[in-house]
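Trainee:
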Amino acid sequence: MAAELVGGAFLSASLQVLFDRMASQKVVDFVRGNKLNEGLLKKLKIVLLSANRVLNDAEMKQLTDSDVSNWLEELKDAIYIAEDLVFEINTEALRSEIEDHCAGSSTFVKVRNFFSSRIAVKDVEARMVEIVDTIEDLMEQKKHLGLKEGSVQTRPFTRLSAATLVEESDIYGRDADKEDIIKLLLSESDEASGGSDRISVISIVGMGGIGKTTLAQSVYRTIDDRIMTKPFDIKAWITVSEESDVFTLTKAIYETFTDSQNCTIKETFQLQLELKLSLEGKKFLLVLDDVWNVNYKCWYDLKSSFESAASGSKIIATTRIIDIASMMAGAPNQYQLKEIPNEDCWRLFEKHALGNVQPSVYQKLEKIGRQIVQKCKGLPLAIKSLGGLLRTEQDPKYWENILKNDTWNLGKCDILPALWLSYYYLPSHLKRCFAYCSIFPKDYELEMETLILLWMAQDLLQPQETKTPEEVGEEYFKDLISRSLILTNQYGRFTMHDLVNDLAKFVSGQSCLSLDDNCSSFLVSKTRHFSYKGRKSHNIKKNLDLGKNKVLRTLLLLDERYEVREKYLMHPQELQSLQCLRVLSANAYDYSTEGHLIMKTLLLNGCTALTGLPNSIGNLKHLRYLDLTSSSIERVPESLCNLQELHTLKLSYCRKLTHLPSSITKLINLRRLNILGTSLREMPPEMSNLKALQTLDEFVIGKDSGSNIKELGKLQNLHGHLSIRGLENVINVEDVSQANVKDKKCLTSLRLKWSGYTDDPLKAREVLGRLQPPSNLECLSIENYGGLSFSPWVGHRLFSCIKRVELSNCKNCYLLPPLGQLTSLEDLVIRGFEMVERIGGEFYSDSDGGGSSSSSSSSSVITKPFQSLQRLRFSNMAEWREWSLVEVEGGVFPNVKSLFMQDCPKLKKACPTE
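Numbers 1 to 914, taken from the UniProt record's numbering, label the letters of the sequence shown in order.
1. For my contact list, I131 and L44 are in at a C-beta cut-off of 8 Å; report their separation, rounded to the angstrom.
2. Between the stretch 633-640 and the stretch 58-65, do at least 3 Cβ pairs fall closer than 8 Å?
3. So, under 8 Å CB-CB, A353 and R391 are touching, yes? Tell me the CB distance rounded to an integer number of Å.
4. Can you list, in chain order, the residues of its chain with a C-beta nearer than 8 Å to that of E645? Leave out the 5 residues immediately preceding and following it.
5. From V700 to L680, what does the alpha carbon distance come to, in whole angstroms?
6. Express the C-alpha separation of F900 and residue 915 in angstroms, rounding to a whole number.
7. Distance check for P774 and K742, CA to CA, integer angstroms please.
8. Quick one: what does DSSP say M877 is sitting in, helix, strand or coil?
9. Using the Cα positions of W237 and N489, report the straight-line distance between them to the nearest angstrom.
10. Please state the DSSP three-state secondary structure of Y444.
11. Please report the distance separating the alpha-carbon of residue 915 from that of G388.
12. Tell me, which residues are paired with S898 by DSSP?
13. Output the boundary residues of the beta strand (DSSP E) element that contains V357.
14. Is the beta carbon of T250 sitting closer than 8 Å to the one on S305?
15. Candidates L825, G787, V805, S800: which alpha carbon is nearest S835's?
16. For T648, collect the residues of the same chain with a Cβ closer than 6 Å to its Cβ; drop the 5 residues on either side in sequence, then sort them by chain order.
17. Report yes or no: do the stretch 393-400 and the stretch 361-376 share at least 3 C-beta pairs separated by less than 8 Å?
18. Tell me whether V47 is buried or exposed, calling it buried when 16 or more other Cβ atoms sit within 10 Å of its Cβ.
19. Please state whether the Cβ-Cβ distance between E445 and F494 is less than 8 Å.
20. Tell me, please, which residues DSSP counts as bridged to A317.
21. Can you look up T812 in the DSSP assignment and give me helix, strand or coil?
22. Could you tell me which uninterrupted alpha helix (DSSP H) segments, each at least 4 residues in length, are contained entirely in the stretch 26-107, listed from first to last along the chain?
23. Could you give the first and the last residue of the continuous alpha helix (DSSP H) run that contains G769?
24. Going by C-alpha to C-alpha distance, which of I415, E73, G173, I202 sits closest to K183?
25. Which partner residues does F843 have in the DSSP bridge list?
26. Excluding five sequence neighbours on each side, which residues of the same chain lie with their C-beta closer than 8 Å to the C-beta of residue 925?
27. So, using beta-carbon positions, are L712 and D697 closer together than 8 Å?
28. In whole angstroms, what separates the C-alpha of S438 from that of C345?
29. Apart from the five residues on each side of it in sequence, which residues of its chain come closer than 7 Å, Cβ to Cβ, to V730?
30. Using a Cβ-Cβ cutoff of less than 6 Å, which residues in the same chain neighbour L798 once the five nearest sequence positions on both sides are dropped?
31. Express the C-alpha separation of V886 and G726 in angstroms, rounding to a whole number.
32. Taking a contact to mean a Cβ-Cβ separation below 8 Å, would you say Q458 touches R553 in this structure?
33. Could you have a look at D827 and say whether DSSP puts it in helix, strand or coil?
34. Considering only C-alpha positions, which residue in the set I664, L815, D224 is nearest to A692?
35. Assuming F477 is part of the alpha helix (DSSP H), what are its boundary residues?
36. Using the rule of at least 16 other Cβ atoms within 10 Å of the residue's Cβ for burial, across every protein chain shown, is Y844 buried or exposed?
Following this line, the structure appears as structure tokens:
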């Protein structure tokens with residue numbers, strides 16, 4: 001693979017992808033087969049190469065020169081238009097290949113006939129001429145803008161080890177600050193409110209990037225360890241940011257304090273009453289992080305819900321705005337956070353930048369590094385981001401370039417210089433991935449897996465021969481984390497700092513747009529990627545005029561979890577106009593009062609409920625990512641199978657969906673099919689033809705041969721979770737062996753489910769025996785199994801990686817498997833074993849011959865059964881009478897923290913834990 005660009009411009013990676021597509025055999029065949037003017041294609045490449053030579057200079061100057069910034073935006077748009085044309089040719093060629101394969105006809109003739117029927121050659125030439133003219137005009141303008149040409153430097157890009165993903169527990173230069181905040185929290189004084197309120201508020205105020213959230217997180221994590229008894233009964237952390245109405249905040253606080261994910265209360269007054277009731281007599285700690293625009297009335301109304309709490313309850317608010325800090329907390333409790341001292345700055349930088357430096361260059365780098373640290377002006381975020389950038393660079397000249405860069409002298413600029421340098425010196429492929437993150441609003445919790453799939457859909461990942469695109473994407477994600485451009489919050493979830501989000505929005509320009517209820521922006525003709533997150537769906541119709549945008553590539557409706565009171569309907573004809581669309585996500589839903597999922601944002605249909613996709617979905621030929629999670633669709637049209645580029649199809653929890661299209665196996669690029677939680681009755685025939693499939697979370701065995709379980713045998717690259725449902729429909733037991741579950745080494749979770757009563761226990765046991773999973777499995781669930789006993793592999797010590805086991809409604813089994821041998825087992829759920837009367841030695845090990853009642857006979861061979869178990873749950877054990885223990889050193893369940901027993905009416909004595 002060619003050397004990766006370090007310091008390459010944002011658009012350089014886009015151009016490289018475009019050049020590769022232009023040189024591909026598919027595009028070459030199209031040009032020659034349709035007698036297209038090859039000179040136009042060569043001229044397009046020449047002008048693009050010429051533009052590439054000034055991109056580095058333009059990218060740096062855009063910060064201080066608005067004319068350059070506008071010029072760069074125009075060039076970016078021209079390049080995107082060229083991409084659309086070349087990708088259109090490529091997609092049509094791919095479709096031709098598939099049709100040719102199905103028809104068995106001559107490739108050359110098929111290509112000519114195919115293209116002449118779909119793309120007019122004159123139209124392609126005209127579009128290419130227009131693109132070339134546009135770029136040539138822009139290159140003429142570069143002379144007046146003073147842009148300098150220069151070849152883009154290439155150098156090896158060293159990836160950081162995964163160890164850098166571990167959240168740093170130590171905080172430099174904040175020991176005194178932390179102690180001060182903790183003293184305020186443990187104090188019973190009401191000075192903050194003049195003694196009139198039961199709740200004290202402490203505000204931590206300081207500029208962006210100074211470490212307010214980090215300090216609050218450290219206090220939040222460690223406050224319980226400071227004294228013998230926990231100082232607070234309950235704690236909650238809420239990120240406030242820019243959405244600060246009373247209802248939204250009250251709902252978030254209520255859900256966090258009560259551990260309730262989907263509160264159905266719609267009225268603010270009723271919600272406040274519920275919160276007040278839940279806090280009655282309790283001493284709480286509440287962190288309101290990143291407060292921006294809470295006014296006095298909002299704060300006054302919000303506080304009223306806390307009146308029932310116990311005296312001594314505390315609220316910590318972090319904010320950049322002094323007026324907000326003054327409004328929320330009295331003067332004694334306004335904590336102004338200062339920059340960290342110089343030596344602590346150096347220690348922080350040293351940890352991030354010099355951890356792996358050779359001793360021979362350490363002194364040179366230290367001298368330069370201390371000067372760089374001085375320029376960061378005591379801001380931890382700036383220090384960490386630059387430290388992450390320099391961590392893999394040991395060339396003093398490279399460090400000198402960073403130190404002497406003109407960016408430090410920007411003057412008035414909304415972008416922090418240190419953050420800009422961290423971005424500017426990223427490899428160009430990472431710049432594109434980072435910029436795409438601007439499609440998400442501030443404080444949005446990123447899901448690594450989903451973000452990688454979106455990057456894939458936009459061709460932002462460079463192919464690597466030895467790695468899957470998903471593995472490449474994970475590397476990119478970790479690289480951004482290592483440079484502090486993506487952060488890990490106190491819950492282990494991924495976010496971007498507000499200042500970093502501002503940087504991403506700046507570099508993405510008009511191509512990315514993220515809106516919520518508070519935004520008045522409108523979709524512009526150059527917007528390629530659009531997301532909406534909010535409660536007022538009618539705002540989408542106001543801001544999203546699809547008739548004026550034909551180039552949209554991403555359309556995301558982000559789940560807000562709140563009631564959408566006004567529905568936004570999109571007619572299929574509007575959808576059909578989005579011919580460049582690659583990502584369509586419409587999984588915004590809410591819960592009805594009955595607890596069922598209902599579609600609240602109707603994206604594809606003008607009906608009152610989204611019960612099906614329009615046939616026009618098949619016209620979105622560039623679509624690669626389609627997410628309809630939790631919608632009410634009842635069918636997927638066959639036309640969907642025309643989407644040859646589709647690699648991700650998410651249909652999870654579409655509970656009314658009973659069938660997949662029979663031609664789904666035409667989707668040769670499909671890598672991910674999520675159908676868990678649907679009502680599918682069987683799989684389409686020939687599922688084994690989906691050779692690229694990496695994720696299939698459920699396989700349903702029907703009553704006919706079309707969904708024979710042996711189809712799983714050829715899908716050897718399945719990753720993650722697999723549920724096999726309908727095992728009672730297996731006709732030939734030998735087919736189960738051909739499913740070859742044991743050799744699917746990338747599976748980490750397996751669910752085996754029978755439905756209804758099993759009238760052949762021997763057959764059920766034989767089926768289970770042939771479903772032995774790979775030894776690296778981490779989670780196992782077996783439901784409605786009808787055998788009299790379990791197969792030998794269930795509970796075998798070979799499965800040393802299993803952390804969770806759930807056995808449910810195995811009504812014919814009279815013995816439990818030897819689960820005590822699973823050395824990594826942490827979570828065990830056993831329910832619905834109607835035949836079990838006694839649990840004895842067989843539960844701890846299989847070495848005592850199948851359940852001797854003598855605990856002494858088994859203790860000599862059993863060593864530390866259930867040594868890692870932390871949570872144990874039994875329920876619905878109607879006949880269970882006796883629970884016998886074995887005597888082993890340290891006890892049978894040495895680490896169990898939680899024991900739950902329900903509906904075990906005949907059990908007289910529960911097993912004691914030590």
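We treat Cβ as the ideally placed atom computed from N, Cα and C, and that holds for glycine.
Mentor: Based on what the coordinates show:
1. 6 Å
2. no
3. 5 Å
4. T91, L94, R582, K621, H622, L623, R624, N669
5. 7 Å
6. In the structure as shown, the chain begins at 1 and stops at 914. Residue 915 is therefore absent and cannot be evaluated.
7. 5 Å
8. coil
9. 11 Å
10. coil
11. The structure shown has nothing for residue 915, since the chain only spans 1 to 914.
12. R871
13. Counting along the chain, V357 falls outside any beta strand (DSSP E), and DSSP gives it neither H nor E.
14. yes
15. Note on identity: in this sequence residue 835 is Met, with Ser being the wrong assignment. Comparing Cα positions, the closest option is G787.
16. L453, Y625, R672
17. yes
18. buried
19. yes
20. S203, L288
21. Correcting the residue identity first, residue 812 is Asn in this sequence and not Thr. N812 falls in the coil class under three-state DSSP.
22. 38-52, 55-61, 66-103
23. 761-769
24. I202
25. Paired residue(s): none; F843 is not in a bridge.
26. Any question about residue 925 goes unanswered here, given that the chain covers just 1 to 914.
27. no
28. 29 Å
29. I701, I709, V736, V767
30. S775
31. 38 Å
32. yes
33. strand
34. I664
35. 469-482
36. buried
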